[in-house]
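Everything on this sheet refers to the single structure shown next.
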Amino acid sequence: MNTSRIAVVVLLLLPVTVRGDGGTVRYARDCGPYRVTVFTSPTPFRVGPVDVSLLVQDAKTHEPLEGVRANLHLLPREGGVDVEVLATRAAATNKLYLSAKFELTAAGTYDCKADIDGPAGPARATFTLEAGEKLPPWGDLWLWFAWPIVPIGLFALLVLGKSGNVVRNS
Amino acid sequence: MDQTLEAFLLSWSFDPWVVVPTLLGAACYGRGWLALRRRGLRRFGALQLTCFLLGLASLFVALASPLDPFSFLLLQVHMIQHLLLMMVAPPLLWLGAPLLPMLRGLPVAIRRHWVSPFLRLPVLRRAFAWLTRPVVAWILFIAATWLWHVPALYERALVSDGWHYLQHACFLVTGLLFWYPVVQPYPARPAFEGWILIPYLILADVQNTALSALFAFAEKLLYPHYAEQPTLWGIAPLQDQATAGVIMWVPGSLIYLVPLVFIGHRLLQGGTPEHPRRFPAKLQRISLPVTSTVPAKGAATSQLDVLDLPLVGRFLRWRHARLTVQLLTFGLAAVIIADGLCGPQVGAMNLAGVVPWIHWRGLVVLALLGAGNVFCMACPFLLPRRIAKRLFRVNRAWPRPLRSKWLAVALLVLFFWAYEAFGLWDSPWWTAWIALGYFVLAFAVDAFFRDAAFCKYLCPIGQFQFVNSLASPFEVKVRDAAGCLQCATKDCIRGNETSTGCELHLFVPRKSGNLDCTFCLDCIQACPHDNVGIVATPPGAALLADRHRSGIGTLSRRLDLAALAAVVVFAGFANAAGMVAPIVDLEYEAMARFGWTSPLGVISLFQLGIMLVLPAVLLGLAACLSRSWSRSERSLRQTVCRFVYVLVPIGFGMWLAHYSFHFFSSADAVIPVTQRAAADLGLNLGEPAWGACCCVVAAPWLLKLEILFLDVGLLLSLYLAFRLAAENQQRLGPTLRGFVPWAAVILILFAAGLWILFQPMEMRGLMQG
């Protein structure tokens, strides 16, 4: 009787959030006057569009700091193209973070530096990141092209139901 | 203000995949609610509206507010998010009694043809009735709650987007099932005694208390993820976990207790549920309340008519509306041509290299999707036509041997081929000359021949629009067919002192679909009875009947029209494939193998092969098999001519995916180009920031949107193919046998489209292009 309610409401309102930034914690240490936490997304970290976010807090009070600039530098250990990006608050969904969204082109180990410039002066956080091979896009997006199977299945049910009725009536 | 709090308050995501469905849900419910109120159904009052909107709002807050990004940092925030999904949004949505308002709010065609048949499916109705039995709903809800709080699963959801979506979906769906028997939203029929809800809610509260106590009193962290997170507001992870437990315990228990009090009170009063034990006869079928009630006044216009819309409708009815829009587009075309001829010959720096190939194409297909053939309505090439008509006042008919679409098909193929072969998108000079040529041709043809010969028989853009607008949701058609029976003057085609009537020879009462309709609105202006409108229509519905169409004839007898449709569909794939890296590599490889120095030959072979040879082979084969397997009496030619149109939606989906990709990923390319063009004229609009529109990573939602266009095209194409296969068939077997070959062609096109979308595309029109 109320099947459509489930169908309509659920289809319309399925939770389809995208994790804009944040993700897995890769580094969390005191760097001079700052407490720096680095997050990466996606998990596992891999070639393709990636997000590296930094949370810079006061090392003593753990209070997030205003007016911080952070420059990220990713050097592939096996050689290749260096990546240098500016992490900004504007790019972050969670405004606690400074976020850099960019396209990572090669898999491998990256030696990363985050040059931070804040109210208590400059500091540098160094860490490494392992980036896996790019997933085939269908692996990420299969739901987006596979969902027509559901309405096709429902339609098949409808047709078979009608056909059964015709046979029974005849 | 505290920095963390300030950051929290600013961390809204406004993800379009949450915002758009929420707004659509609210609009659909609001529209239906208003309609039901107007019909005097007082059951749908302000309380229902408020509850439903609050339900949507709580879903929105759970998914798009700062709760979502902060849920990865603090367990207590995550707990609030889950409470909203499981225990706040579902009962509020059900309190809005959403079934009838949502159904009534849907466009008529979608409701009648797509939703209502499914609502009546016995299998689905039985499944839903079973799932909402108190015992089943209770077990599912409790299982979802406990299973997802198992550390391994919870941690998994914290690091994987896919698992996180699944967790949220489980919470929402089981929440909806759990609260359904409690709220019993109209027109639900309770199939159980009311007292069952007392233990139902009490036991749910008991398990909630047990789980909350686990969180509140645990001496070690249940989810190590939170130990790794930075400390916020000085909250230690264990303290955070205890607070999460308290949130689950106290507000959670309250949510169970409130309905318990109401239900207990009602039972003590000896009351019965306000809903009838059985539906009134007129509500026996779920679609009846919304589709079979006595039509209101003006029922003939119950379908959405653009002319009835407040501002747009008034503008379109204005006699000079079309001329005004055409003057604007003419001015724009003049600027583009001037820049194309005199500006820098770099596509990405010239208005002629950016506006037509990124913006105009994108807007044209989006307009086809949302409204219809808007481009022809605003066509700037009509102005020289008007001048030619005024100057020469000819009465010469278009030559009879050329009264078909073959010339247009040839021009369309020539255009698509030239576009790829000569890289028109990267040549402002060629683009400008093509536009100029268009103006000259339109002027010349209409200086010699009467009516709209150029539009009907030549214009490649018009043919592209005609075919794709078969999948558009609006059509120029009569509002009330009975009204036309009494009309003796037939001004809509003959014209009168105020309007010329249809120059494309479409007699509106016998017109079906958008083929050859330029949305010129001449028939609307001419009709003395105000009986022609721009009416909502199910996309593709006009193709289902093979009757004689005014100005067109019978589709199954028009091979030229079938060829046109096939070229438009397959060109969509050829055009998109021509710009993806593997195809370009393949072309260069073939060039090397043949020893050719220019890619022209290979590109020509590829494009013409996909546009002409492939459709001939695929359609011929599908028609042969379909005809033979279903033992149809149609000839091969008739079968092809009848079925080729079922490919239009999937083809249109490909065009949409391709052009909307360029539009959405490069729309801002127009800013520096305009700044440059203005600077050439001595106007200072700022320094062109070329880098701003270069090398931008396409938004993550864009690929999903492109896939969605293809998905919808696939579904509509399959549906149309099935309906055509079922034509004149009494049994399911022959229908399916006739359907399968066409379904195979559609699926091949869908797979090809998906493959193209997943390849890296060149960013045409940008600095790197």
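Quick mapping for you: the protein sequence lines, in order, are chains Z and G. Take 1 as the starting number for the first sequence in our numbering and just add one per residue. Take 1001 as the starting number for the second sequence in our numbering and just add one per residue. Cβ atoms here follow ideal geometry from the backbone N, Cα and C, with glycine treated the same way. Quick caveat: nothing in here was measured; it's all calculated off a predicted structure.
Annotation for Z/S99: the continuous beta strand (DSSP E) segment containing it runs 98–104.
Counting along the chain, no beta strand (DSSP E) covers G/R1731, and no H or E run does either. Shown here for G/F1709: same chain residues with a beta carbon closer than 6 angstroms to its own, the five before and five after excluded, namely G1653, L1656, A1657 in chain order. Looking from the CA of G/G1483, the closest CA among G/P1528, G/A1447, G/F1466 belongs to G/P1528. The C-beta of Z/I149 comes no closer than 8 angstroms to any C-beta of chain G. For the region 43–62 of chain Z, the set of positions with a beta-carbon nearer than 8 angstroms to some beta-carbon of chain G reads T43, P49, L55, Q57, H62 in chain order.
Under the Cβ distance rule, Z/T40 does not count among the residues neighbouring chain G, no pair being separated by less than 8 angstroms.
Contact between G/V1246 and G/A1216 is confirmed by a C-beta separation of about 6 angstroms, below the 8 angstroms threshold.
For the pair G/L1063 and Z/A146, the Cα-to-Cα distance works out to about 23 angstroms. Taking 8 angstroms as the upper bound for CB-CB distance, Z/F127 and Z/Y27 are in contact here, some 4 angstroms apart.
Interface with chain G (8 angstroms Cβ-Cβ cutoff): Z/G32 is excluded. About 6 angstroms separates the CB atoms of G/L1470 and G/N1514; that is less than 8 angstroms, so the two are in contact.
Distance from the CA of G/A1481 to the CA of G/P1509, rounded to the nearest whole angstrom, comes to 7 angstroms. Here G/A1721 is buried. Its C-beta has 16 or more other C-beta atoms within 10 Å. Of all residues in the region 1705–1716 of chain G, only I1707, L1708, L1710, D1711, L1714, L1715 come within less than 8 angstroms of chain Z when Cβ atoms are compared, listed by chain position.
Taking a Cβ-Cβ threshold of 9 angstroms, none of the residues of chain G is close to Z/T88; the smallest such distance is about 13 angstroms. DSSP places G/C1484 within a helical segment (H, G or I) once states are collapsed to three. In its chain, beyond the 5 residues on either side, T1735 have a beta carbon closer than 6 angstroms to the beta carbon of G/Q1729. Among the bridge pairs identified by DSSP, Z/E84 is matched with Z/H73.
When C-beta distances to chain Z are compared with 8 angstroms, the residues of the region 1106–1127 of chain G below that value are V1115, P1117, F1118, L1119, L1121, P1122, V1123, L1124, R1125, A1127, in chain order. When only Cα atoms are considered, G/T1639 and G/W1629 end up about 13 angstroms apart.
When the five nearest sequence neighbours on each side are left out, the beta carbons in the same chain lying within less than 6 angstroms of the beta carbon of G/A1622 are those of P1741, W1742, V1745, in order along the chain. For G/E1228, the chain Z residues whose Cβ falls inside 8 angstroms of its Cβ are V25, A28, in order along the chain.
With fewer than 16 neighbouring CB atoms inside 10 Å of its own CB, G/T1498 falls in the exposed class.
Z/A125 is positioned such that its CB atom lies no closer than 8 angstroms to that of Z/V25. Here G/H1265 is exposed. Its C-beta has fewer than 16 other C-beta atoms within 10 Å. For the options Z/S99, Z/W144, Z/L160, the alpha carbon positioned closest to that of G/P1117 is the one of Z/L160. Contacts with chain Z (Cβ-Cβ distance below 7 angstroms) from the region 1156–1169 of chain G involve V1159, S1160, D1161, Y1165, H1168, A1169, listed in chain order. The three-state secondary structure of G/F1014, taken from DSSP, is coil.
Cβ contact annotation for G/P1224 (same chain, cutoff 6 angstroms, sequence separation greater than five): none.
Residues of the region 88–119 of chain Z with a C-beta atom less than 9 angstroms from some C-beta of chain G are R89, A92, T93, N94, K95, L96, Y97, K101, F102, E103, listed in chain order. Contact between G/W1417 and G/L1341 does not hold, since the beta-carbon distance rounds to 24 angstroms and is not under 8 angstroms. About 5 angstroms separates the beta carbons of Z/A100 and Z/V52, which is inside the 8 angstroms limit, making them a contact pair. One Cα belongs to G/S1472, the other to G/G1370, and the distance between them is close to 7 angstroms.
The criterion of a C-beta distance shorter than 8 angstroms is satisfied by G/T1145 and G/L1211. Here the alpha carbons of G/P1615 and G/G1372 stand approximately 26 angstroms from one another.
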